[in-house]
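Numbering (our numbering), first residue to last: 4 to 71.
For each residue, glycine too, the CB sits at the ideal point set by N, CA and C.
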């Protein structure tokens, strides 16, 4: 068994976090929201748009802090 790359690693390399513009982060936020909605729909979970937005924004802020 060999180590594998993270999903979407080719779409979002570590360098992204160093050079990303606000527009890049906006695109990333949209991507994460779409992925979350697929999981929510699949699980038939009761999650509001506001909850998704708040969680995605918190995740992105956390990632930004990790890579400082």
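Short check: CB of residue i to CB of residue j, under 8 Å?
| i | j | result |
| --- | --- | --- |
| residue 63 | residue 31 | yes |
| residue 40 | residue 59 | no |
| residue 19 | residue 27 | yes |
Where does residue i sit, in a helix, a strand or coil, going by DSSP?
| i | result |
| --- | --- |
| residue 4 | coil |
| residue 22 | helix |
| residue 48 | coil |
At what residues does the alpha helix (DSSP H) containing residue i begin and finish?
| i | result |
| --- | --- |
| residue 56 | 52-69 |
Comparing C-alpha positions only, which one of the options sits nearest to residue i?
| i | options | result |
| --- | --- | --- |
| residue 67 | 23, 57, 4 | 23 |
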